[in-house]
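Those sequence lines, one after another, are chains A and B.
Just so we're aligned, residue 21 is where the first sequence starts under my numbering, counting upward by one.
Just so we're aligned, residue 21 is where the second sequence starts under my numbering, counting upward by one.
Heads up, the thing below is written out as structure tokens.
2 protein chains.
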Amino acid sequence: MSTEKVTIADVAKTAGVSKGLVSFALNNRPGVGAETRVRILQIAQDLGWKPSLRARSLSTQRSYALGLVIARNPDVLASDPFFPSFIAGVESILAAERRALVLSVVPDEDTELQTYRSLVADGRVDGVFLSDLRHNDARIPLLTELGLPAVTLGRPDGDSPFPAVTVDDTPGITASVRHLAELGHSRIAHVAGSPDLLHGTRRREAFAAAMAAAGLPEGQTVETDFSVGAGSDATRRLLDQAIRPTAIVYANDPMAIAGLGVAHELGIRVPDDLSITGFDDIDFCRYVFPPLTTVSAAPAVWGRAAAQTLLRLMEHGSAEDVDLPAARLIIRGSTAPPRQV
Amino acid sequence: MSTEKVTIADVAKTAGVSKGLVSFALNNRPGVGAETRVRILQIAQDLGWKPSLRARSLSTQRSYALGLVIARNPDVLASDPFFPSFIAGVESILAAERRALVLSVVPDEDTELQTYRSLVADGRVDGVFLSDLRHNDARIPLLTELGLPAVTLGRPDGDSPFPAVTVDDTPGITASVRHLAELGHSRIAHVAGSPDLLHGTRRREAFAAAMAAAGLPEGQTVETDFSVGAGSDATRRLLDQAIRPTAIVYANDPMAIAGLGVAHELGIRVPDDLSITGFDDIDFCRYVFPPLTTVSAAPAVWGRAAAQTLLRLMEHGSAEDVDLPAARLIIRGSTAPPRQV
DNA sequence: TTAGTTAACTATACCGGTTTAGTTGACGAC
DNA sequence: GTCGTCAACTAAACCGGTATAGTTAACTAA
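Below is the structure:
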């Protein structure tokens, strides 16, 4: 019933010790007698004392929160289930640690950098996740300058003082191309992601390399911004040609699904006339028709690993890179041998 | 260059006044001479002083952050673009207010309630958004008990002390049914959302009412959990019947898209053999084939309005309900007159 | 003239923890 | 017996703001 907030002073008084000693006992540091410590903790529990996060924040200069800043085209963000799953994974770790996640969704890169600055200035977070890595990513020097611990989702292209938690997506693309090649395809096109994003170009390079490895001619590639609309446009462009590809490897699922729509619209049958592969294995893949052959990432697992790594970094001052199992090809109904070769 | 953090004491000293006066000047409260106030603010700016959020938090007992707790089946969360857009809207308001958003994604309702408790116990947030309202929602009494300001997304069914920011989705469903009826459909089914969620049953009731209003026999209704998979199953069940509906009204877009997949798979042509309508107008709708007739919500606008209302509530102690423009029917290619009536 | 008000401002307690600089007493070494 | 050391513990400063009680000086009213 008594809702009066109990403070460390109350605990100290009833235990007959000083505030400082209670603090020591709580954070189990040396300098407290064994039985005294037990007694203090017992009393704290009896009184229902939980140390005030705010007070602790002020004296320790930490916030006990982690940050995630997302700078994405709203369209892309909305159709991409990566973040909800990733965040769910992050939360599953944070919840147990009594830490919170501060989320910012910003419209552009300038605002993004500004947001990191103010998160630090306000001491909102003790560390951040860096997603959607870009070439020569400006966030890395910025965070280094700000002294904010971070974890990168994937390995950045330049120097980085931060641990990276990586899911190698190259094998997935390679497997997609090999799968198509084995089915007998040779005119395989690639609807790539944004050239500004590391995973956009990496998938594109993996595609080119896999085509070469399969002994196939260089495949046509169209750049996009990863959005559903761009995927649709790119597909239309590819299929409007006199000689069109018999298979298309998409850099993500939403674009692949849009591609499926375009094919339907043009009367091109999938997989008979056109094979399609996606990337990410979003929930939709299993339920569109035909079900989409794609590459499974595991955003929630990624989130957990990233959170653990970031916490470790903040605690120990350093953390090892983590390499998660590479994304795997999942073969469903959208790929088949080509009709005419 | 000098990164030494400047505090209120520094400002006070250089201005030759007391800390208290600086505080008064900053929060423009009475008791400061006009020219003194200007001078203090000028000096503060010159020194580059920004009051410490942490210190301010401790003395004002506020966190200057808002909270959003999402308790959803991970599958549903991942395929539903509502939250990313909603959050983007919220952020667009918060950014200017130097407030942050604390996000929690939890697996179930118990954890959800627990999360609210700990957000309050830790003083992480000054107010929260309540989404996905349920019947007799346990969160409302809980938040009342905790004394945490909140805004509900939609009007709850019971008593609520909180302002509601509402987008009426009934007209959208009504318009969908009317549109289908006008096209000549009479066997219209409904793939409903979760019966636990208010908007699930509301859309279902709107469907039933609209059917009656159109003078049509009661339509078949299948309950789901709003997930893509459930939408697929429900559609299969509806279409596996001897006498099947000529049109299906879905409670959300992901299920409608899954339904489209099932229809394709069964060789049922949309819209010739089956008309389909969705709800939300997610980005995919325009790009699947045929493009989906759906009802446009505006999650980002909703987010902005909700944030503004919550801020107003926290500032003035009360805020008016807000009724946003009702969702509108957007007619695309997935609806057409029925083949055989 | 003098008490009463009031605006402007100061000093200081306070929010609730952490941390540092002592203080005390027991024990071992010589 | 005395000094040194160490573990256990206390007192008080500190984090950086806000809020309250008090102080001045000017101004008003009787």
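Quick reminder that beta carbons are idealized off the backbone N, C-alpha and C, glycines included.
Just so you know, these numbers come straight off a predicted model, no measurement behind them.
- Three or more C-beta pairs below 8 Å linking the stretch 304-315 of chain B and the stretch 342-358 of chain B: A contact between stretches requires three or more CB pairs, one per stretch, nearer than 8 Å, and the stretch 304-315 of chain B meets this requirement with the stretch 342-358 of chain B.
- Message: I'd like to know if B/S22 contacts chain A, where contact means its C-beta is closer than 8 Å to some C-beta of that chain.
- Response: Interpretation of B/S22 is limited by its pLDDT of 49, a score under 50 that renders its predicted location unreliable; no figure is taken from the coordinates.
- Query: What residues from chain A crowd round B/A120, counting only those whose CB sits closer than 8 Å?
  - Reply: Per Cβ cutoff of 8 Å: V122, S124, L139, D142, R144.
- Tell me whether the beta-carbon of A/R324 lies closer than 8 Å to the beta-carbon of A/S112. Result yes, Cβ atoms of A/R324 and A/S112 sit closer than 8 Å.
- Task: Under the assumption that B/V342 contacts B/T164 (Cβ atoms under 8 Å), give the Cβ distance between them as a whole number of angstroms.
- Result: Not a contact, Cβ separation roughly 20 Å.
- So which of B/L173, B/L88, B/G53 has the shortest CA-CA distance to B/R137? Nearest of B/L173, B/L88, B/G53 to B/R137, Cα basis: B/L88.
- DSSP puts A/H210 in a beta bridge; with which residues? A/T241, A/V269.
- Message: From the DSSP secondary-structure annotation, give me the bridge partner or partners of B/I350.
- Response: In DSSP, B/I350 forms a bridge with B/T314.
- Message: Below 8 Å, how does it come out for the stretch 198-216 of chain B and the stretch 230-250 of chain B: are there three or more Cβ pairs, yes or no?
- Response: Flag = yes, the stretch 198-216 of chain B and the stretch 230-250 of chain B touch.
- Got a sec: is the Cβ-Cβ distance from A/V89 to anything in chain B below 8 Å? For A/V89, the answer is no, since every Cβ of chain B falls outside 8 Å of its Cβ.
- Message: Does B/A120 pass the burial test, meaning 16 or more other C-beta atoms within 10 Å, or should it be called exposed?
- Response: Buried.
- Item | Under 9 Å from the C-beta of A/I277: neighbouring residues of chain B | Those are I277, F304, Y307, V308, listed as they occur along chain B.
- Between B/I296 and B/I268, which are expected to be in contact by the criterion C-beta below 8 Å, what is the C-beta distance as a whole number of angstroms? About 6 Å separates the beta carbon of B/I296 from that of B/I268, a gap short enough to meet the 8 Å contact definition.
- Message: Contact defined as beta carbons within less than 8 Å: I believe A/R223 pairs with A/A212. What is the distance between those atoms, to the nearest angstrom?
- Response: Confirmed, about 7 Å.
- Validate contact between the stretch 142-156 of chain A and the stretch 129-143 of chain B using beta carbons, cut 8 Å, 3 pairs: Too few Cβ pairs lie closer than 8 Å, so no.
- Query: Should B/G174 and B/P319 be called a contact, given that it needs their Cβ atoms to be closer than 8 Å?
  - Reply: No, the pair does not count as a contact, with Cβ atoms beyond the cut-off.
- Query: Between which two residues does the alpha helix (DSSP H) containing B/G147 stretch?
  - Reply: No alpha helix (DSSP H) contains B/G147, which is instead part of the beta strand (DSSP E) from 147-150.
- Taking the continuous beta strand (DSSP E) assigned at A/T297, which residues delimit it? According to the DSSP assignment, A/T297 belongs to the beta strand (DSSP E) that extends over 295-297.
- Task: Please report how far the alpha carbon of A/D128 lies from the alpha carbon of A/P94, in whole angstroms.
- Result: Rounded to the nearest angstrom, the two C-alpha atoms are 10 Å apart.
- Quickly, what does DSSP pair B/I113 with across the bridge? List them, please. By DSSP's assignment, B/I113 forms no beta bridge with any residue.
- Item | Interface partners of A/H284 on chain B, CB under 7 Å | F309, listed in chain order.
- Message: Cβ closer than 7 Å: which chain B residues qualify as neighbours of A/G281?
- Response: For A/G281, the residues of chain B that pass the 7 Å Cβ criterion are Y307, V308, F309, in the order they occur in the chain.
- Item | Host beta strand (DSSP E) of B/I90 (start-end) | Unbroken beta strand (DSSP E) run through B/I90: 85-91.
- Query: Checking contacts by CB at 8 Å: is A/G249 closer than that to chain B?
  - Reply: Residue-level contact by beta carbon holds for A/G249 and chain B, with a gap shorter than 8 Å.
- Item | Best match in B/G40, B/V58, B/L333, B/A54 for proximity to B/G167 [C-alpha to C-alpha] | Per the Cα distances, B/L333.
- Message: Does the CB of B/L73 have a neighbour CB from chain A at under 8 Å?
- Response: Answer yes: the Cβ-Cβ gap between B/L73 and chain A drops below 8 Å somewhere.
- Near A/N84, what residues of its chain come up, given a Cβ to Cβ distance below 6 Å and the 5 sequence neighbours on each side ignored? Per the sequence shown, residue 84 of chain A should be read as Tyr rather than Asn. Counting only residues of its own chain and dropping the five nearest sequence neighbours on each side, A/Y84 has a CB closer than 6 Å to the CB of R119.
- Query: Which residues of chain A have a Cβ atom closer than 9 Å to the Cβ of B/S252, listed in chain order?
  - Reply: Here the neighbours are R306, Y307.
- Message: Counting only C-beta atoms, is A/E111 closer than 8 Å to chain B at any point?
- Response: Taking a beta-carbon distance threshold of 8 Å, A/E111 counts as an interface residue toward chain B.
- Can you name, in chain order, every residue of its own chain whose Cβ lies under 8 Å from the Cβ of A/V242, other than the five neighbours on each side? Once the five neighbours on either side are set aside, the close Cβ partners of A/V242 are A209, H210, V211, A212, A254, R257, L258.
- Task: Could you name the residues of chain B that A/A116 contacts, counting a contact when the two beta carbons are closer than 7 Å?
- Result: The contacting residues do not exist; A/A116 stays about 11 Å from chain B at best.
- Message: On the CB-based measure, 16 or more other CB atoms within 10 Å of its CB, does B/G51 come out buried or exposed?
- Response: It counts as exposed.
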